[in-house]
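Asks:
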Amino acid sequence: MAPKGICSFLKSMSKWISSNLWMESKISKELGVKKKILFCTHHMSHAASAFYPSPFENSAILTIDGVGEWTTITWGEGKGNHIELKEELKFPNSLGLLYSAFTYYTGFKINSGEYKLMGLAPYGEPKYVDIIKKELIHINEDGTVILNQKCFNYITGTKMINQKFCKLFGGSARKPESKITKREMDLAASIQEICNECVVKMARYVKQKTNCNNLVLAGGVALNVVSMGVLKRECEFENIWIQPAGGDAGGALGSALWVWHEYLKQERKVQETDSMESSYLGTEIKDDSEEDTKLLEELGATWENFEENNLIKKIANILASGKIVAIARGRMEWGPRALGIDLF
Ligand SMILES: [Fe+2]
-7 MAPKGICSFL
3 KSMSKWISSN
13 LWMESKISKE
23 LGVKKKILFC
33 THHMSHAASA
43 FYPSPFENSA
53 ILTIDGVGEW
63 TTITWGEGKG
73 NHIELKEELK
83 FPNSLGLLYS
93 AFTYYTGFKI
103 NSGEYKLMGL
113 APYGEPKYVD
123 IIKKELIHIN
133 EDGTVILNQK
143 CFNYITGTKM
153 INQKFCKLFG
163 GSARKPESKI
173 TKREMDLAAS
183 IQEICNECVV
193 KMARYVKQKT
203 NCNNLVLAGG
213 VALNVVSMGV
223 LKRECEFENI
233 WIQPAGGDAG
243 GALGSALWVW
253 HEYLKQERKV
263 QETDSMESSY
273 LGTEIKDDSE
283 EDTKLLEELG
293 ATWENFEENN
303 LIKKIANILA
313 SGKIVAIARG
323 RMEWGPRALG
333 IDLF
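Heads up: the sequence shown is residues -7 to 336, going by our numbering.
1) Run the CB neighbour count on ARG329, radius 10 Å, all protein chains shown included, and call it buried at 16 or more, exposed below.
2) Leaving out the 5 sequence neighbours to the left and right, which residues in its chain are closer than 8 Å to ALA93 when beta-carbon positions are compared?
3) Between the Cα of HIS34 and those of GLU269, GLY212, LYS142 and LEU112, spot the shortest distance and give me the residue it belongs to.
4) Within the same chain, show all residues whose beta-carbon is closer than 8 Å to that of ALA320, passing over the 5 residues directly before and after it, in chain order.
5) Look at ALA210 and THR55 and say whether their C-beta atoms are less than 8 Å apart.
6) For the region 135 to 210, which segments carrying the beta strand (DSSP E) assignment without a break, of at least 3 residues, lie completely within its bounds, in sequence order?
7) Is GLY68 close to ligand 1? I mean its beta-carbon at under 7 Å from any heavy atom of the ligand.
8) Roughly how many angstroms lie between the CA atoms of TYR272 and LEU287, to the nearest whole one?
9) Just to check, is the beta-carbon of GLY246 closer than 7 Å to a non-hydrogen atom of ligand 1?
10) Can you give the beta carbon distance from ASN188 to VAL217, rounded, assuming they're within the 8 Å contact cut?
11) Taking 8 Å as the threshold (C-beta atoms), are VAL137 and LEU90 in contact?
12) Straight-line CA distance for GLY332 to LYS108?
13) Considering only heavy atoms of ligand 1, does any lie closer than 7 Å to the CB of SER243?
14) If you draw a straight line from the C-alpha of VAL192 to the C-alpha of PRO168, how long is it?
15) Would you report the Cα separation of ASP334 and PHE31, rounded to the nearest angstrom?
16) Beta-carbon within less than 8 Å of GLY322's beta-carbon, same chain only, minus the 5 sequence neighbours each way: which residues are those?
17) Near PHE229, which residues of its chain fall below 8 Å by C-beta distance, leaving aside the five closest residues on each side in sequence?
18) Decide if the region 22 to 29 is in contact with the region 231 to 243; the criterion is three or more beta carbon pairs, one per stretch, under 8 Å apart.
19) Identify, in the order they occur along the chain, each residue of the same chain with its Cβ nearer than 7 Å to the Cβ of GLY68, setting aside the five sequence neighbours on each side.
20) With a CB to CB cut of under 6 Å and the five nearest residues on each side skipped, what residues in its chain are close to ARG166?
21) Taking only runs that begin and end inside the region 26 to 51, name each unbroken alpha helix (DSSP H) of 4 or more residues, in chain order.
22) In chain order, what residues of the same chain have a beta carbon less than 6 Å from the beta carbon of ILE102, not counting five sequence neighbours either side?
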């Protein structure tokens, strides 16, 4: 991207020279063993995290992400213990990066605040959809997007968007932690509608290509539960399974499974429910356990034990007084959308 991209080139190169190029020896050193290090590509790790633990013998696979290596979206098929990725969309065109650009513009943190933007969407009206489609992106029939790079800055610069982007929506980005206005709500609703449309079109395209009854998904955009809900209602797949750790945390699981099945050729046993046995993989909280009581004491916490009925009344009262209640029961769930599943 010379000459414009010189700053971001120098910034990236210093990281490559000081760290990334030495990743293999760094991993060996950390593990304390001199063994062969295998590298799984970013989207293959997402695909593997979606397909291998799924309850399907065969399935279509869709990974929708920001960017990993140069890839932003892939689709493929999983059969038995083998995955084949068939097509991909490459950087700089990316649905995930588009969503992140709006995350930044509405004053939230990229790569972590996307869920806040998603949560804000139902409060607004999708009144910017037409502007986004006219000025910012082109949506292909297969659901992939072409981004108008005149309005973005992430290829050559260090920010997601530029002045042209801001002009389209009537001003500069919301300052983080400042008041959220109707504009941010409407922007959230608009980009959510775009995201829904793209995801449904992608799934339709993959259905057409594979004619599979099953679909599995992973990648950052698969964490958008609103779009996933629309997808479940509107696409023609009979069964859908989504990796609960659809972001890059799930890549670790995917890489391990990829090595196990693709490299070591180990057989895959499909279970009726998913083979992760839900996403309850964390430590467990037990009522009245000695361990938990000891931990509460160590933390200097104030606590009280309630019977179930009284607990419900207590929670209702706290909520009615406008406060927030967090409930933790059983084992911790893996994945950033692990909220409220086990509420009552
Ligand atoms: Fe990713």
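Glycine included, C-beta positions come from ideal geometry on N, C-alpha and C.
Replies: Taking the definition as stated:
1) Classification for ARG329: buried.
2) The answer, listed in chain order, is PHE144, TYR146, MET152, ILE153 and PHE157.
3) Nearest to HIS34 by alpha-carbon distance, out of GLU269, GLY212, LYS142 and LEU112, is GLY212.
4) Counting only Cβ-Cβ distances below 8 Å, and skipping sequence neighbours, we find ILE277.
5) At a Cβ-Cβ threshold of 8 Å, ALA210 and THR55 count as neighbours.
6) DSSP runs (the beta strand (DSSP E)) wholly in the region 135 to 210: 137 to 139 and 206 to 210.
7) Not under cutoff, so the answer is no.
8) Answer to the nearest angstrom: the Cα atoms are 21 Å apart.
9) Here the distance from the Cβ of GLY246 to the nearest heavy atom of ligand 1 is not below 7 Å.
10) Actually they do not touch by this definition, with Cβ atoms about 11 Å apart.
11) Yes.
12) Because the pLDDT of GLY332 is 43, which lies under 50, any placement of that residue in the model is unreliable, and the number read from its coordinates should be weighed accordingly. If you take the alpha carbons of GLY332 and LYS108, they lie about 16 Å apart.
13) It should be pointed out that residue 243 corresponds to Gly in this sequence rather than to Ser. The answer is yes for GLY243.
14) Roughly 31 Å separates the two Cα atoms.
15) Because the pLDDT of ASP334 is 37, which lies under 50, any placement of that residue in the model is unreliable, and the number read from its coordinates should be weighed accordingly. Annotation: ASP334 to PHE31 spans about 36 Å, alpha carbon to alpha carbon.
16) If the five residues before and after GLY322 are omitted, its C-beta is found closer than 8 Å to the C-beta atoms of TYR272, GLU276, ILE277 and ASP334, all from its own chain and listed in chain order.
17) In its chain, beyond the 5 residues on either side, ALA52, ALA195, LYS199, CYS204, ASN205, ASN206 and LEU207 have a beta carbon closer than 8 Å to the beta carbon of PHE229.
18) Because the criterion of three Cβ pairs below 8 Å is not met, the region 22 to 29 and the region 231 to 243 do not touch.
19) Listed in chain order, the non-local C-beta contacts of GLY68 below 7 Å within the same chain comprise ALA39, ILE53, ILE75, GLU76, LEU77 and LYS78, local neighbours out to five positions each way being set aside.
20) The beta carbon of ARG166 lies closer than 6 Å to those of THR98, GLY99 and GLU176 in the same chain, with the five residues before and after it left out.
21) Entirely contained in the region 26 to 51, the alpha helix (DSSP H) runs reaching 4 residues are, in chain order, 34 to 43.
22) Annotation for ILE102: SER92, THR95 and TYR96 place their beta carbon closer than 6 Å to its own, counting only its chain and skipping 5 residues before and after.
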